[in-house]
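Those protein sequences? They're chains G and E, same order as listed. Quick note, the first sequence lines up with residues 19 to 352 if you use our numbering. Quick note, the second sequence lines up with residues 528 to 753 if you use our numbering. Below is one structure, written out as structure tokens; comments come after it.
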Amino acid sequence: MTTTESGPAIASPRAGTSEPLLTVDGLGVEFRLRDATVRAVSDLNLTVRAGELLAIVGESGCGKSVLAHALLGLLPGNATTTGHAVLHEPDSEPVDLITCGQRHLARRVRGRRVGLVPQSPATALNPVRTGRRLLAETLRAHGHDRADADQLAVDVGLDPADLDRYPHELSGGMAQRLVTALALAPDPSLLIADEPTTGLDRPLVDHTLDLLRRRCDNGSAVVLITHDLAAAQRVADTVAVMYASRIVEHRDTDRLFTAPAHPYASALLDALPDRAFRPVPGDPPMLTALPPGCAFAPRCPHRTDTCASQPPPTPIADDGTVACHHPIRTGAVT
Amino acid sequence: MTSPEHLLADEVTVGYGRQVVLDGVTVRVGRDETVGLRGPSGCGKSTLVRVLALLHRPDHGQVSIDGTPVHGVRYAVPVDLRTRVAVLFQSPRAAADPRLSLDDLIAEPLRAVRTPEATVRERVAELADLVGLTADLRGRRPHAVSDGQLQRACLARALVHRPDYLLCDEATAMLDASTQAHVAAVIRDYQRTQRAGVLVITHDQTLLDHWSDRIVDLAGAARART
Numbered sequence: 019m020t021t022t023e024s025g026p027a028i029a030s031p032r033a034g035t036s037e038p039l040l041t042v043d044g045l046g047v048e049f050r051l052r053d054a055t056v057r058a059v060s061d062l063n064l065t066v067r068a069g070e071l072l073a074i075v076g077e078s079g080c081g082k083s084v085l086a087h088a089l090l091g092l093l094p095g096n097a098t099t100t101g102h103a104v105l106h107e108p109d110s111e112p113v114d115l116i117t118c119g120q121r122h123l124a125r126r127v128r129g130r131r132v133g134l135v136p137q138s139p140a141t142a143l144n145p146v147r148t149g150r151r152l153l154a155e156t157l158r159a160h161g162h163d164r165a166d167a168d169q170l171a172v173d174v175g176l177d178p179a180d181l182d183r184y185p186h187e188l189s190g191g192m193a194q195r196l197v198t199a200l201a202l203a204p205d206p207s208l209l210i211a212d213e214p215t216t217g218l219d220r221p222l223v224d225h226t227l228d229l230l231r232r233r234c235d236n237g238s239a240v241v242l243i244t245h246d247l248a249a250a251q252r253v254a255d256t257v258a259v260m261y262a263s264r265i266v267e268h269r270d271t272d273r274l275f276t277a278p279a280h281p282y283a284s285a286l287l288d289a290l291p292d293r294a295f296r297p298v299p300g301d302p303p304m305l306t307a308l309p310p311g312c313a314f315a316p317r318c319p320h321r322t323d324t325c326a327s328q329p330p331p332t333p334i335a336d337d338g339t340v341a342c343h344h345p346i347r348t349g350a351v352t
Numbered sequence: 528m529t530s531p532e533h534l535l536a537d538e539v540t541v542g543y544g545r546q547v548v549l550d551g552v553t554v555r556v557g558r559d560e561t562v563g564l565r566g567p568s569g570c571g572k573s574t575l576v577r578v579l580a581l582l583h584r585p586d587h588g589q590v591s592i593d594g595t596p597v598h599g600v601r602y603a604v605p606v607d608l609r610t611r612v613a614v615l616f617q618s619p620r621a622a623a624d625p626r627l628s629l630d631d632l633i634a635e636p637l638r639a640v641r642t643p644e645a646t647v648r649e650r651v652a653e654l655a656d657l658v659g660l661t662a663d664l665r666g667r668r669p670h671a672v673s674d675g676q677l678q679r680a681c682l683a684r685a686l687v688h689r690p691d692y693l694l695c696d697e698a699t700a701m702l703d704a705s706t707q708a709h710v711a712a713v714i715r716d717y718q719r720t721q722r723a724g725v726l727v728i729t730h731d732q733t734l735l736d737h738w739s740d741r742i743v744d745l746a747g748a749a750r751a752r753t
């Protein structure tokens with residue numbers, strides 16, 4: 019196990035030169051309910067490059083997990099998706115994850131090319147199989163040698179002896195590490211990790227984060243969905259802040275944490291215990307009734323009349339555009 | 528003679544089957560202080576909370592509240608004594624009865640001791656306001672609110688009997704930074720105004736440092752093993 023202390027970010031400079039691996043263009047996800055429509059993801063644009071670790075952060079219910087499920091074709095039947103999310107791999111045809119269809123996703127994409135570490139390991143594991151059997155199935159399905167199971171367990175910080183237990187015999191943290199091992203087994207070029215560190219204590223959180231970081235350093239890409247801002251700061255190259263179904267700010271980790279430009283990003287950072295430890299005032303809006311203008315305006319200290327009526331600009335990672343009519347400008351940009 | 532003002536687990540030993548989880552642990556939570564409890568996974572933090580919350584009978588040792596020793600657990604403990612300790616658990620989804628509206632969830636502990644309905648309504652409104660639950664949210668059931676909103680309802684429920692001691696077992700681990708800060712702020716205000724004792728358990732060292740007045744290491748709280 020690594021003994022790295024948490025603290026200084028170990029993220030490498032942004033892998034800005036490499037080719038885009040995933041381009042998300044105008045992605046929208048809606049759920050139709052009997053009496054309302056929930057807009058869980060709105061007009062979302064995003065680029066993830068090979069070797070990049072992107073963290074998506076935001077309050078619960080802002081649409082982070084729905085985004086992950088949309089990219090894997092795992093949305094429930096009442097969901098409608100719009101837009102595109104194209105996976106470009108160097109030695110295969112580009113594939114649009116949104117439009118290519120369940121059959122293709124199941125046979126060619128899910129698990130192999132895009133992996134998922136699901137949010138609740140307890141419900142993701144087959145209860146009548148031991149960890150070893152689950153891993154063996156996954157490895158065999160992807161043509162790997164069976165002997166890899168022990169090594170995968172060690173990689174995720176699990177004692178290989180624990181692989182012989184059934185899911186109900188594992189603690190929450192052990193089950194979490196097992197689902198991580200299962201997602202890593204087929205060596206996907208894009209890994210989506212949805213809260214992969216819940217239930218782990220600090221050394222294991224750091225261990226898991228370092229593992230994800232190493233994957234990126236070896237050329238894979240990781241999308242880390244988390245509410246743990248400290249985790250994002252520690253390993254991510256870029257951070258996207260999501261609020262009420264939209265990305266409001268996406269930029270280099272260091273820039274975001276030192277000089278957030280969107281008032282929501284700034285307020286969220288102020289909630290950290292080692293900063294102001296002050297909650298963002300008010301409540302997030304219902305996703306069934308998003309306002310025409312900026313969704314953060316009712317909670318925002320900088321709001322004007324424009325904010326309520328005009329939709330904010332689309333954020334762009336490269337030039338620092340944020341989804342705000344009145345972004346915070348700091349004099350000393352680091 | 529004045530009685531000591533603390534919730535005390537005195538040389539508590541607990542085992543599950545042959546496995547000893549707590550071995551002669553002594554932990555003291557005074558009135559008017561926030562004690563942080565840390566220790567690695569599986570060291571018995573949650574078991575200690577269950578013992579202090581009078582939910583689990585220790586094999587050896589004793590729990591006392593302001594010097595009054597507690598005999599038995601749960602309903603065997605007189606109402607006046609057991610309502611002085613409250614718990615906020617990690618997962619509000621697991622803790623909250625999915626059939627109850629948030630209002631009823633908060634009111635249940637009061638109704639359980641036959642509080643007049645007018646008082647119940649008044650107290651529930653007061654607490655919902657304290658934790659920031661709007662009228663619209665209060666009528667909903669757990670499935671229709673977010674984890675953060677549900678945890679705030681669970682916090683209101685925990686405070687409904689104005690406990691002298693509040694135990695928070697990873698109570699903010701599942702919450703985003705803003706909700707975590709909100710829940711922590713409500714608990715800190717309550718702790719100060721009511722001169723309550725609070726025990727905070729979390730893996731998050733930064734949170735522990737900024738929230739607690741002093742930190743107890745559970746590995747060091749056990750008596751030296753022979």
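Here a beta-carbon is modelled for each residue, glycine too, at the ideal position from N, C-alpha and C. Please read all numbers here as calculations on a predicted model, not as lab measurements.
Can you find a CB in chain E that lies within less than 8 Å of the CB of L274/G? no
Simplified DSSP state of A536/E, which is helix, strand or coil: strand
Can you look up Y543/E in the DSSP assignment and give me helix, strand or coil? strand
Taking only beta-carbon positions, decide if H754/E is within less than 8 Å of chain G. This structure cannot speak to residue 754/E, because chain E is shown only from 528 to 753.
Let me know if T646/E comes out buried or exposed under the rule of 16 or more other beta-carbons within 10 Å of its beta-carbon. exposed
Distance between S83/G and S263/G (C-alpha atoms, nearest Å): 11 Å
H280/G: which of R293/G, A258/G, F295/G, R151/G sits nearest, CA to CA? A258/G
Going by beta-carbon coordinates alone, are R555/E and L581/E separated by less than 8 Å? no
Short CB-CB distance (under 8 Å) between H737/E and chain G: yes
Please give me, in chain order, every unbroken run of the beta strand (DSSP E) with length at least 3 that falls completely inside the segment 74–112 of chain G. 97–105
6 Å Cβ shell around M303/G - same chain, five flanking residues per side excluded: First, the residue type needs correcting, since residue 303/G is Pro and not Met in the sequence shown. Excluding residues within five positions, the ones whose Cβ falls inside 6 Å are A262, A313.
Sorted by chain position, which residues of the same chain lie with C-beta nearer than 8 Å to G666/E's C-beta, five sequence neighbours on each side aside? S628, L629, D630
How would you label G95/G, buried or exposed, when you count the other beta carbons within 10 angstroms and need 16 or more for buried? exposed
Considering Cα atoms alone, identify which of A662/E, S673/E, V640/E, V606/E is closest to A623/E. S673/E
Run through DSSP, which three-state label would S284/G get? helix
Out of curiosity, what's the CA-to-CA distance linking A193/G and V146/G? 14 Å
Anything in chain E within Cβ reach of A355/G, meaning under 8 Å, just list it in chain order. Chain G is shown only over 19 to 352; residue 355/G falls outside these bounds and no answer can be derived.
Give the secondary structure of A203/G by DSSP, where H, G and I count as helix, E and B as strand, and everything else as coil. coil
Starting from the beta carbon of L734/E, find every residue of chain G whose beta carbon is closer than 8 Å, and list them in chain order. P291
Residues sharing a beta bridge with P185/G, DSSP: P185/G pairs with nothing; no bridge assigned.
One or two residues paired with Y717/E in a DSSP bridge: In the DSSP output, where bridge partners are listed per residue, Y717/E has none listed.
Distance cutoff 8 Å, beta carbons only. Does S530/E sit that close to anything in chain G? no
Beta-bridge partners of G190/G, as assigned by DSSP: Note: G190/G sits in no beta bridge, so no partner.
Measuring only the C-alpha atoms, how far is P31/G from T271/G? Unreliable placement is indicated for P31/G, whose pLDDT of 47 sits below 50; the coordinate value is still reported in the next sentence. Taking the straight line from one Cα to the other gives about 10 Å.
At a CB distance below 8 Å, what residues from the segment 697–730 of chain E approach chain G? Give them in sequence order. A700, M701, L702, D703, A704, S705, T706, Q707, A708, H709, A711, A712, H730
Distance check for S327/G and V223/G, CA to CA, integer angstroms please. 42 Å
Whole-angstrom Cβ separation of L694/E and L654/E, contact assumed at under 8 Å? Not quite, the Cβ-Cβ distance comes to about 18 Å (not below 8 Å), so this is no contact.
What do you reckon, are the CB atoms on R57/G and L305/G nearer than 8 Å? yes
With a cut-off of 8 Å, does the C-beta of S78/G fall near any C-beta of chain E? yes
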